[in-house]
Amino acid sequence: MPANPSSGQTPRQTPGQTAEDAPGQAPDQGLDSRPDQTPDISVSSLSAGEMLRWVWRQLTSMRTALQLLLLLAVAAVPGSLFPQRRANPAVVTQYLKDNPDTGRWLDRLQMFDVFSSVWFSAIYLLLFTSLVGCVLPRTKAHLKALRSAPPRTPRRFARLPQHGTIVLNGDGAGTPGPDPATAVKDAAAILRKLRYRVDIRDADTATPSVGAERGFMKEAGNLLFHTALIGVLVSVAIGGMFGYRGQKLIVEGEGFTNALIGYDSFSPGTNFNPDTLTPFALTLNDFEVRFNRDEQATYGQPLDFTARMTVQESPDQPAEDRVLKVNAPIGIGGTNVYLVGNGYAPVVEVRDGEGNIAFSGPVPSQPTDTAYTSTIVIKAPDANPDQLGFVGFFLPTAVVNSEGLAFGSDPDPFNPRLNLNSYYGDLGLDDGTPRSVYQLDTTDLTQLNGRDLAAGGIVLEPGQTYELPDGRGSITFDSLKRFVALDITYDPGKIGALIFSTLALTGLILSLITARRRVWIKAGATPEGGTTLEYGLLARGEDPSLRNEATKLEQALSARWGITSRSDEQKKPLPSPDTPQHI
Amino acid sequence: MAPGSSRPRSRASTLVALLATATLLITGCSAQNNSLAEQANAGDNKNYIAGDGSVAEYAPGTRSEPVDVMGELYDGTTVDSSQWVGDVVVLNVWYAACAPCRVEAPMLQTLSSSFAPEGVRFYGINVRDEKSTAEAFERNFGITYPSFVDRDGKLLLSLTSYVPPQAVPTTLVLDRQGRVSARILGVADESTLKTLIADALAEDGPAAPPNPSTTAGTDDAS
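Listed below in structure tokens is the structure:
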């Protein structure tokens, strides 16, 4: 670390300025709040306490905070490169199956749980600590600056980036110019009108002066921004701790109760308590999908999804009808129900080899393309003497090509077909092992039907029944229903995150549009008995508009006294970058 | 603003306190949550929330109000929990394609038969299946006790006010007053459930206990 990177300003700094200037130093480091004046001690000579202090100062510098913020953004990148368990655990499981070697290592590096990984959390917590450690002392310093008077009038105005002198010689018609004390008082009034905080000093001397300062909203906005950032982090953390997210698939006519038991899958927050689920109930009365039938280019593309639901917000409240649409969730208490997917659920009936119904009901299929070509797995674990399983696809509008292959041509059910292969044997459910409902594990199964087998595949229209070979049972395609996939989320931190991000934006805008400036005006006497007004302006950082401010001030002063003569030392050109210009 | 000697120390302790708090908040999760999180991360598309086998028995003083639920059985009979007063009731949440339900089904049937003389009532609560699918399951496992059809979840909704069933399967034991005396999340262990039922039987009923002496000797679970 350089011994004293801000040494450029020291010659001009009077001792009295130091304390109040501290929060505004090192402006070219953007938002840095701290004077980078740590003495250059070699690390080895630091005691444990000093070391800790040094680490703390590094951590709480705004530069570190910004780097951490950037790092957080970079660390989030793998979250979009690799499938995330939080978004869809099944995809991760498949990825691990497909890439066993790299997948294992990626999993060890928590690449599938980026946002809850150790390294992401570390950045997050460091950023949090850094912000807190930065905002607190800065707020204190700012409050102190608000209470204290504008800084001392500098001795030599020539060093200020914008300065000039106005000579008040009277109007030339015998009226003398104002005496220095009056001139300063009037100048102070003008500055006050320009929304400066002013302080008149040395009023009784020959060289009275006024110090003025404005733009405290810049630092206030800055502090608001950082405080609000902490608020956003806390809100997100609260959401992550006490929130939850679950998925449920409901077929038309079926319902869902918000208890763990009702979910297909469920991701709890780290401090989630399952006893606190809002006990509401939903029933899907019907689900309507409209596809585009008017335009050639977008023919068959979905236009609108409408799920009509009956909602009971709590066991003792009456049920009411609500409409659920994509991006228009149903809110129940703090819980939101989103419509995230849909598809067809053919209603089938499976009879076993003994002639009993082994399974009957709708079976949700998984759409794979825009024509709703869907994969389907039907399991009849209670079939006797052997369990029966079916795997295949469902086509809402089936068209058979010249090679005899069926494919889906339209998302609406104009010509629904169920194409299945059948199996008998052990479905693997009876030993309690969790099995995917969307996959048929054929390890312990024997195939009965299929394109390559003598019996051929099963093709069913609604109402048709197929008798399985060897009297092993039958399958009937009764009717067709639709289903919706729901995402049920509870995020108690959401409102907080919204409020704090709005505040952060407000603070950022405030700090960007507010210019922090200091003005000094010093009166003096000319040898001819007139009065001079010397003014100087200082901005924080490089501020091209300081020149305009100087012009404005000069015009205001000139207008007040109807200037007769000016000094030739007029507005300087914009300071070159190496000109020291710190406040 | 030279750093004072005392300030960094207080800052450092603030940092330590913050990190400690954060660690506590992050790691402070229960066993059931771990099981839930594991299931969430498994990505096996099994489509139910399994229990971790955890057993909760509630002492008489800590129990909820008597359960007040009503539902319809697969045979069309309406059953009201007010009919259960004086009897110990076992409720089991299940559906046919749920693998752990298939594991515990024979055990439940055994217990329902062995406790029948003591008037213990067994009911299934089926959360997903249509009648014929449920009947296939009952036929397959020889289940003789009836089950509620609860595909719309209404019965479950009213049960959540007492003790929420949090997994499939969940087994609840109601005491003679209809209060939940025990809950098993996940596959129930036979001897555990037997003990829980026996404990409930051993307690006195609301007014006049019907058969106070019959419970003796049933509490033989090791």
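So the protein lines, in turn, are chains A and B.
Start counting the first sequence at -11; every next residue gets the next number (the working numbering).
Start counting the second sequence at 4; every next residue gets the next number (the working numbering).
Using N, Cα and C, we set each Cβ at its ideal position, and we do this for glycine too.
On a predicted model such as this, the values are computed, not experimentally measured, just so you know.
Chain B places a beta carbon closer than 8 Å to that of F347(A), counting this residue as a contact. Between T141(A) and W508(A) a beta carbon distance of about 5 Å is seen, short of the 8 Å cut, so the two are scored as contacting. Counting only runs of 3+ residues, the beta strand (DSSP E) found wholly inside the stretch 76 to 107 of chain B occupies 81 to 83, 92 to 97, in chain order. F116(A) counts as buried, since no fewer than 16 other beta carbons sit within 10 angstroms of its beta carbon. The C-beta of A53(B) comes closer than 8 Å to at least one C-beta of chain A. Among the residues of the stretch 138 to 166 of chain B, those with a Cβ less than 9 Å away from any Cβ of chain A are E138, A139, F140, E141, R142, N143, F144, D153, R154, D155, G156, K157, L158, L159, L160, S161, L162, T163, S164, V166, in the order of the chain.
For the 8 Å CB-CB criterion, V338(A) and G461(A) form a contact. Annotation: R189(A) has no Cβ neighbours in chain B at a cutoff of 9 Å; minimum Cβ distance is about 23 Å.
Q55(A): member of the alpha helix (DSSP H) spanning 50 to 63, first to last residue. Distance between A269(A) and A307(A), taken at the CA atoms: about 9 Å. Of all residues in the stretch 49 to 74 of chain B, those with a C-beta nearer than 8 Å to a C-beta of chain A are K49, N50, Y51, I52, A53, reading in chain order. Here E60(B) carries a strand assignment [DSSP, helix/strand/coil]. As DSSP reads the structure, M297(A) sits in a beta bridge with L272(A), R310(A). F151(B) and L474(A) have their C-alpha atoms spaced approximately 25 Å apart. With a beta-carbon spacing of about 19 Å, F471(A) and I52(B) fall beyond the 8 Å limit used to define contacts.
Chain-ordered, the chain A residues with CB closer than 7 Å to the CB of L39(B) read F254, P256. Among the residues facing chain B, A133(A) is not included, as its CB has no counterpart in that chain under 8 Å away. A distance below 8 Å separates the beta carbons of E542(A) and I154(A). By DSSP's assignment, I128(B) forms a beta bridge with V96(B), F151(B). Taking G380(A) as reference, the option from E391(A), I366(A), S197(A) with the minimal CA-CA separation is I366(A).
A contact between stretches requires three or more CB pairs, one per stretch, nearer than 8 Å, and the stretch 140 to 148 of chain B meets this requirement with the stretch 100 to 114 of chain B. Between the stretch 92 to 104 of chain A and the stretch 67 to 74 of chain A there are three or more C-beta pairs closer than 8 Å, enough to call the two in contact. A straight-line Cα-Cα distance of about 48 Å links D466(A) and D202(B). Chain order gives the chain B residues near E242(A) as R154, D155, where near means a beta carbon separation below 8 Å. K540(A) carries a helical assignment under DSSP once its states are collapsed to helix, strand and coil. Residue-level contact by beta carbon holds for A102(B) and chain A, with a gap shorter than 8 Å. The beta carbon of A247(A) sits closer than 8 Å to those of L265, P267, all from its chain and outside the five residues before and after it, given in chain order. Listed in chain order, the non-local C-beta contacts of T323(A) below 6 Å within the same chain comprise T266, Y478, local neighbours out to five positions each way being set aside. Here the stretch 79 to 94 of chain A lies against the stretch 40 to 49 of chain B, with 3 or more beta-carbon pairs under 8 Å apart. Listed in chain order, the beta strand (DSSP E) runs fully inside the stretch 472 to 511 of chain A amount to none, counting runs of at least 3 residues. Rounded to whole angstroms, the separation of the alpha carbons of A185(B) and T65(B) is 11 Å.
Against A269(A), the close residues of chain B are D155, G156, K157, L160, in the order they occur along the chain (beta-carbon pairs closer than 8 Å).
For the stretch 187 to 218 of chain A, the set of positions with a beta-carbon nearer than 8 Å to some beta-carbon of chain B is empty.
Contact check for R506(A) and L521(A): beta-carbon distance about 17 Å, past the 8 Å limit, so the pair fails to qualify. Per DSSP, reduced to three states, the secondary structure at I146(B) is coil, with no helix or strand assignment. Cβ neighbours of G484(A) within its own chain (closer than 6 Å, five residues either side excluded): S223.
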